[in-house]
Structures are given as structure tokens and as C-alpha cells.
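Residue numbers (our numbering): 163 to 536.
For each residue, glycine too, the CB sits at the ideal point set by N, CA and C.
In this text the structure is predicted, and so the values were computed from the model without any measurement.
Following: one structure in C-alpha cells, then a few remarks.
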Amino acid sequence: MNFKISKNVLYNSLQLVSKAISNNSPLPALSGIKIDVEKNSITLTGSDAEISIKKVLTNEEIENLNLIIIEEGSIVIESRYLLEIVRKIDSSEINFEIVDGSLIKITGKSVEYKINGIRSSEYPLIDFNKPNTTFKINSLILQKVINQTTFATSDKEIRQVLTGVNFNLKDKNLECVATDSFRLAKKTIKVDSDLNFNITIPSKSLNELSKAIEKDEDIEISINNKLAQFYINNTLIQTRLIEGAYPETNRLIPTVFKTEITLDSREMVSAIDRAIFIKNEGVSIIKLSINKENMIISSKSQEVGSLQEIIVPENIKGDNIDISFSGNYVLDAIRYLNANKIKINFSGEMKPFIIENLDDSSILQLVLPVRTYN
163 MNFKISKNVL YNSLQLVSKA ISNNSPLPAL SGIKIDVEKN SITLTGSDAE ISIKKVLTNE
223 EIENLNLIII EEGSIVIESR YLLEIVRKID SSEINFEIVD GSLIKITGKS VEYKINGIRS
283 SEYPLIDFNK PNTTFKINSL ILQKVINQTT FATSDKEIRQ VLTGVNFNLK DKNLECVATD
343 SFRLAKKTIK VDSDLNFNIT IPSKSLNELS KAIEKDEDIE ISINNKLAQF YINNTLIQTR
403 LIEGAYPETN RLIPTVFKTE ITLDSREMVS AIDRAIFIKN EGVSIIKLSI NKENMIISSK
463 SQEVGSLQEI IVPENIKGDN IDISFSGNYV LDAIRYLNAN KIKINFSGEM KPFIIENLDD
523 SSILQLVLPV RTYN
């Protein structure tokens, strides 16, 4: 193996591929990036066996790649060492060459590294065959779906299915739902496809996918009952699906409400932000009291003290209500709505409440209240 390539393009590509690599991989080879050099291209692969990222580099598709292939071959190099070497070489172009078995020489203008690699035969075989079920979606729409849902997934493995976002396509409506049992985020979009499916994708994989999206374009998505593939130009991101039935969340979303308020989102965010530092046993619980004229946000703890703030919403409808909730959950919900004006619908003091963007009916946030005794 022997080739020369642009340092900047290679470094950016290595950074992307390395996102799939785990620091605690049980297989030594999976801690590295696999480099396959063929006649007219270089393929970089990173994987932790759950998410895999493959990027193909060619002069035809990538501007200023300046790829010159002298000899074909393949090798696996520890990702942290490879990234550090490429980053530190002070040269616009870098040369890679296998000089003895798995010993790789990496050279720049006046610097030469020699580093031990891993033979590519030790790298596990990753099946990148494309599933038959395929559809397309706009990249920026998909990125928005990811950003508005993944924050609500669970970070606990007790119920693994809740660590992912559920994608349910039916009648050209794609419902994307995330919940950790205490809050829920739901985004609905139109998809030009007659497919019907119900899959759950790990939030970690979706977040890495979101980072890989750089421009407005169509992304091709291929799925089967085990995995999903996302094709972004010369990059393929493949992830396993989470097994198990996702809970029926639509029945958790109330449809009848007793109280409704409409207000500026920034006003609500600022008020909660001022209150959440007051915590009981490390948890910030906010109490909201609504009457016909205004609403009062309050929080207190014996260790810290108390806060009370009066807000006059633009509109109040319905009954008086007192309700308590996690300040951080509501703060997240409002921020990810990305709204100027929000509407909050309450169905009861101990029932879930809904936060909506007045200008975007496709997104809904739900938060469960907290029982308090004061």
C-alpha cells in the first residue's frame, strides 16, 4: 500500500469515520480505522459493531483531494494515533506506505512517522450490502427530526428500546417518537413513499448522522428488520436497529384539556432558567400556579431558599391549576421546539401536559408532572 493525499481532506474524513469507534471495543481491530486502497479510490471504515461509517475518497467526487495511488493494499491503524499524527504533520499532503508487514510509514514535508498497524485480515467483516427497502428524505428535515427528538430518549439500558427514536411510516406520514417514560417528543413529517414500517434507531447513531449532514440534499435511506443505512454522497452510515416493540405512545398524549396558556417562549425559558438552580436533593422541581389573570413560577428548598416570579401570558383559557414538574425537562422541551410563541395545554394537575410550537404543528413535546407535598 502506497498513496499520497491532501492532509485537510483526509483529516476531516478520518474525524467523521472515527465517530463510530468505541474506546472500549472488545476487539482490538475495532479500535482502529481500516484503510482500503484500490485502483482509483480509498475507503475509510470505522465501526463499533453497532454503528459503522464508511467513506469513499476519489478525485472525481472530492475537490482538492489530490489523491495519487502508487500501490494498492489495506491496513488498520489505531484511530487515536492516526488522527493525532495526521493533525500534527505540518504539510499540505501526506504519504502513507506499508514498509514491512503491518508497519506503516507516514510522511509529510519534513516529518516521518513509523507506526505499527493491524493487518486488515483481523478486522471483522462488516456487511454493507444494501437492503431492498429504500426511500429518500431531505437532509435538513431529517436533521431537524433528530435534533427535536433524541434529547428525550433514555440514557438507561434497563429498557433498551427507549434509548432510541421510533420511526413509524404509514400512509406517507412518518411519526418519529422519543420518550424516557417521563417526557416525550414527537415529530411528524410527510414522506413521498408508499412504504410502511416501524423501526427504532439508537439515538447515538442518529446524533452521529446529524453531525455528518452538512448541506441541503436528499439522503437515501435503506432498511430491513436488522439495520438502517444512510447514504450521504460518498459517506455511508450504517446502524443496527433496536429490537423489541416500541410502546404505544399515542394513548399517552391527552386530547382534552382544562387549561391553556399562550406566551413568548423566551419569557418562559428565562423564568425557568432563573428558578432551576434551586434544587432539592439535586433535582429542580418547579411549581406553576395559573389563575385567570397570570401565572406564578416558584421553586424552593430548605438548603438554598426560594424564588417566585409572576408572568402574564398573552392568553389564558380554562380552569385555575397548580402543577409541579422538572424544570430541566420543560426547559429542554421548549428549547427544542425552536418556537417564538408556545402554547401549553394542561389536562389536570397530575396528568401529562403538552407544549406546542404555535407556528409548527408537526412537533409536540409532552412532560409528566411531579407529585409534591407542599
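Terminal residues of the continuous beta strand (DSSP E) containing residue i?
{"i": "Y491", "result": "Y491 -> not in any beta strand (DSSP E); alpha helix (DSSP H) instead, spanning G489 to L499."}
{"i": "V431", "result": "No beta strand (DSSP E) contains V431, which is instead part of the alpha helix (DSSP H) from S427 to A437."}
{"i": "Y393", "result": "L389 to I394"}
{"i": "K505", "result": "K503 to F508"}
{"i": "Q470", "result": "G467 to I473"}
{"i": "F313", "result": "Per DSSP, F313 belongs to no beta strand (DSSP E) and is neither H nor E."}
{"i": "F329", "result": "G326 to K332"}
{"i": "K513", "result": "No beta strand (DSSP E) contains K513, which DSSP labels as neither H nor E."}
{"i": "K216", "result": "I213 to L219"}
{"i": "S460", "result": "M457 to S463"}
{"i": "S209", "result": "I204 to S209"}
{"i": "I197", "result": "G194 to V199"}
{"i": "N278", "result": "E274 to N278"}
Please report the residue range of the alpha helix (DSSP H) in which residue i lies.
{"i": "A374", "result": "S365 to A374"}
{"i": "Y243", "result": "S241 to K250"}
{"i": "S175", "result": "K169 to S180"}
Ignore the nearest five residues each way along the sequence and tell me which others in residue i's own chain have a CB closer than 6 Å to its CB.
{"i": "N257", "result": "K166 and T269"}
{"i": "L229", "result": "I167 and N221"}
{"i": "I215", "result": "V179, A182, G208 and I399"}
{"i": "N164", "result": "I232, E233 and E259"}
{"i": "N330", "result": "E337 and N360"}
{"i": "D198", "result": "T205 and S236"}
{"i": "I472", "result": "N456 and I458"}
Identify every residue that forms a DSSP beta bridge with residue i.
{"i": "K306", "result": "Paired residues: none, contrary to the question."}
{"i": "A340", "result": "A347"}
{"i": "R402", "result": "L389"}
{"i": "K166", "result": "I230 and N257"}
{"i": "V529", "result": "R345 and F515"}
{"i": "F297", "result": "I383"}
{"i": "D262", "result": "L265"}
{"i": "D484", "result": "S451"}
{"i": "K377", "result": "BP columns for K377 are empty, so no partner."}
Out of the options, point me to the one whose CA is closest to residue i's CA.
{"i": "S384", "options": "I299, V238 and S203", "result": "I299"}
{"i": "L414", "options": "L528, E255, K267 and S203", "result": "L528"}
{"i": "Q470", "options": "D435, D354, K479 and I496", "result": "D435"}
{"i": "L520", "options": "I440, V431, T424 and F392", "result": "T424"}
By Cβ distance, which residues of its chain are closer than 8 Å to residue i, with the 5 residues on each side in sequence left out?
{"i": "L265", "result": "K276, I277, N278 and G279"}
{"i": "N386", "result": "P293, N294 and T295"}
{"i": "L219", "result": "I167, V171, L172, S175, S203, I204, T205, L206, L227, L229 and N396"}
Are there 16 or more other CB atoms within 10 angstroms of the CB of residue i, so buried, or fewer, so exposed?
{"i": "Q464", "result": "exposed"}
{"i": "E405", "result": "exposed"}
{"i": "E410", "result": "exposed"}
{"i": "P190", "result": "exposed"}
{"i": "F313", "result": "buried"}
Return the chain-ordered list of same chain residues with a C-beta closer than 7 Å to the C-beta of residue i, the five sequence neighbours on each side being excluded.
{"i": "Y173", "result": "V248 and R249"}
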